[in-house]
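Enquirer: Have a look at the structure that comes next, please.
Residue numbers (my numbering), protein chains in the order written: chain A, 0 to 87; chain B, 5 to 332.
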């Protein structure tokens with residue numbers, strides 16, 4: 000697990016994804032049902048937050064990279080899962 | 005609600021092309037009609053030669069993924085699966101099948117693109133948010149004869165136009181869901197876009213080949229005619245997904261006119277096939293974000309164009325709109 004890791008992408012380019020703590024970089028088959036359920040719940044929370052704000056993007060949402068979801072945020076222990084070994 | 009028996013019999017037809025003129029399509033779906041009307045050469049490359057880009061653009065990949073995911077979701081709900089269970093099953097399917105792939109060393113390579121609006125995270129978010137937004141969906145699927153819910157409905161029916169084989173040309177396609185929405189019977193379709201959702205967005209479906217085709221199909225194959233297509237539109241943003249639903253209807257007069265026009269277009273395709281001449285339509289090159297064959301067409305005809313096509317495109321499986329889609 001390294002900071003500022005670069006992964007190979009399916010469109011043939013390399014892309015820096017910052018830390019690999021982004022859950023969407025992980026092979027989903029490495030996650031447990033409970034871990035995936037927590038991701039779904041987190042997405043539902045973000046939806047409620049969006050609706051409560053009148054279908055507008057709140058400053059809090061703007062400040063958070065919505066393309067990512069941190070493992071810490073989900074309470075997922077990074078050592079419990081294997082992550083992709085992209086090109087660096 | 006039952007499908008007409010003759011339409012069920014036609015559904016066993018499998019060859020979408022004429023036996024006597026193999027480059028002439030006999031069974032026309034909305035997509036192939038769109039290609040031909042847009043540009044006969046684009047149609048030739050896509051439908052006859054089966055060429056696809058080696059690296060499809062993110063909007064195409066994303067659109068297909070979310071469409072397939074929602075189709076699976078609606079099928080599960082229609083067959084009685086509890087909402088939460090259906091969400092979990094399809095969430096897993098989307099992530100495992102569209103969130104990346106395994107490289108030759110067996111390592112997971114996530115689908116990262118430079119498109120900030122269309123990536124793994126926005127795909128999964130859009131799916132979950134859609135299932136929250138339409139949790140108590142008022143669109144009830146019709147029940148077909150035998151108790152089967154009207155989801156994943158394949159249709160095929162003859163039109164009043166003779167093809168080179170001596171029988172009729174066919175219209176065909178695949179409707180995600182036929183449902184009851186208030187007092188209307190509607191076909192339901194999902195569309196993703198980065199456009200703001202409003203009247204300007206929905207106006208693009210009036211007129212529109214797919215809406216007219218599905219509404220015509222609903223009128224032909226059902227005992228009760230369909231009012232139109234209910235478009236579930238999804239606006240993709242970097243940090244949000246927004247949804248709007250709108251019914252796009254068609255009068256019988258408009259549909260009759262539409263069918264007559266399609267017959268004219270199919271005769272044009274017949275001329276192209278008979279003469280093996282597929283002219284380009286340079287008024288369409290810039291539409292829809294630019295035609296994928298634009299660079300090929302800017303090369304000289306013959307060898308230079310063929311070389312370019314070989315480098316950037318590859319032939320895929322035969323375009324067969326008669327093949328029933330198994331949603332699973």
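Beta carbons: idealized from backbone N, C-alpha and C, even for Gly. Only a predicted model underlies this, so the values are computations on that prediction, with no experimental measurement involved.
(1) Mind listing the chain B neighbours of residue 28 of chain A? Cutoff is C-beta to C-beta under 7 Å, in chain order.
(2) Unbroken beta strand (DSSP E) runs of length 3 or more, entirely within the stretch 186-258 of chain B: which are they?
(3) Cα separation between residue 173 of chain B and residue 192 of chain B?
(4) Determine, using beta carbons only, whether residue 20 of chain A comes closer than 8 Å to chain B.
(5) Taking 8 Å as the CB-CB limit, is residue 125 of chain B close to chain A?
(6) Using DSSP bridges, identify the partner residues of residue 41 of chain B.
(7) Going along the chain, which unbroken runs of the beta strand (DSSP E) with 3 or more residues stay wholly within the stretch 119-197 of chain B?
(8) Taking C-beta to C-beta, are residue 49 of chain A and residue 244 of chain B nearer than 8 Å?
(9) For residue 228 of chain B, would you say it is in contact with chain A, using Cβ-to-Cβ distances shorter than 8 Å as the test?
(10) Is the Cβ of residue 203 of chain B closer than 8 Å to any Cβ of chain A?
(11) Need the endpoints of the alpha helix (DSSP H) that residue 316 of chain B sits in, please.
(12) Let me confirm a value: residue 255 of chain B is counted as buried when at least 16 other C-beta atoms fall within 10 Å, else exposed. Which label applies?
(13) With a cut-off of 8 Å, do at least 3 Cβ pairs link the stretch 32-52 of chain B to the stretch 281-301 of chain B?
(14) Which residues bound the beta strand (DSSP E) around residue 112 of chain B?
(15) With H, G and I counted as helix, E and B as strand and the rest as coil, what does DSSP make of residue 55 of chain B?
(16) For residue 48 of chain A, return the contacting residues in chain B, with the cut-off set at a CB-CB distance below 7 Å.
(17) Looking at chain B, is there any beta carbon in it that lies within less than 8 Å of the beta carbon of residue 34 of chain A?
(18) Please tell me whether residue 37 of chain A has its Cβ less than 8 Å away from any Cβ of chain B.
(19) Can you give me the C-alpha to C-alpha distance between residue 175 of chain B and residue 260 of chain B, rounded to a whole angstrom?
(20) Less than 8 Å between CB atoms is the rule here; does residue 196 of chain B satisfy it with respect to chain A?
(21) Going by Cα to Cα distance, which pick from B:23, B:34 and B:131 is closest to residue 178 of chain B?
(22) Alpha carbon to alpha carbon, what distance is there between residue 149 of chain B and residue 210 of chain B?
(23) Let me know the secondary structure DSSP gives residue 325 of chain B once reduced to three states.
(24) In the DSSP output, which residue or residues are listed as bridge partners for residue 82 of chain B?
(25) Can you look up residue 332 of chain B in the DSSP assignment and give me helix, strand or coil?
(26) Report yes if the CB atom of residue 199 of chain B is closer than 8 Å to the CB atom of residue 134 of chain B, and no otherwise.
(27) May I ask you to report which of helix, strand or coil DSSP gives residue 281 of chain B?
(28) Leaving out five residues on either side along the sequence, give the residues of the same chain with a beta carbon under 7 Å from the beta carbon of residue 49 of chain B.
(29) Can you name, in chain order, every residue of its own chain whose Cβ lies under 7 Å from the Cβ of residue 253 of chain B, other than the five neighbours on each side?
(30) In three-state terms, what does DSSP make of residue 54 of chain A?
(31) Let me know the secondary structure DSSP gives residue 33 of chain B once reduced to three states.
(32) Residue 314 of chain B: which of B:47, B:52 and B:58 sits nearest, CA to CA?
(33) Residue range of the beta strand (DSSP E) that residue 104 of chain B falls in?
(34) Who are the neighbours of residue 96 of chain B on chain A, taking C-beta pairs under 7 Å?
(35) Does DSSP classify residue 297 of chain B as helix, strand or coil?
(36) On the criterion of 16 or more Cβ atoms from any shown chain inside 10 Å, does residue 196 of chain B qualify as buried, or is it exposed?
Expert: If we stick to the structure as given:
(1) 100
(2) 188-197, 232-240 and 245-253
(3) 25 Å
(4) Note that residue 20 of chain A scores 44 on pLDDT, short of 50, meaning its location in the model is unreliable; the coordinates nonetheless yield the value given after this. So no, residue 20 of chain A is outside the interface.
(5) Closer than 8 Å: yes.
(6) Beta-bridge pairing links residue 41 of chain B to no other residue.
(7) 155-166, 172-185 and 188-197
(8) yes
(9) no
(10) Chain A has no Cβ within less than 8 Å of the Cβ of residue 203 of chain B.
(11) 307-316
(12) exposed
(13) Touching, yes.
(14) For residue 112 of chain B, the enclosing beta strand (DSSP E) stretches over residues 112-114.
(15) strand
(16) Simply none; closest approach about 10 Å.
(17) Not a single CB atom of chain B sits nearer than 8 Å to the CB of residue 34 of chain A.
(18) no
(19) 14 Å
(20) no
(21) B:34
(22) If you take the alpha carbons of residue 210 of chain B and residue 149 of chain B, they lie about 32 Å apart.
(23) coil
(24) DSSP output for residue 82 of chain B lists no bridge partner at all.
(25) coil
(26) Against a cut-off of 8 Å, the Cβ pair of residue 134 of chain B and residue 199 of chain B comes out as no contact.
(27) coil
(28) 55 and 297
(29) 231 and 232
(30) In the structure shown, the three-state DSSP call for residue 54 of chain A is coil.
(31) coil
(32) B:58
(33) 104-106
(34) Result: 27 and 35.
(35) coil
(36) buried
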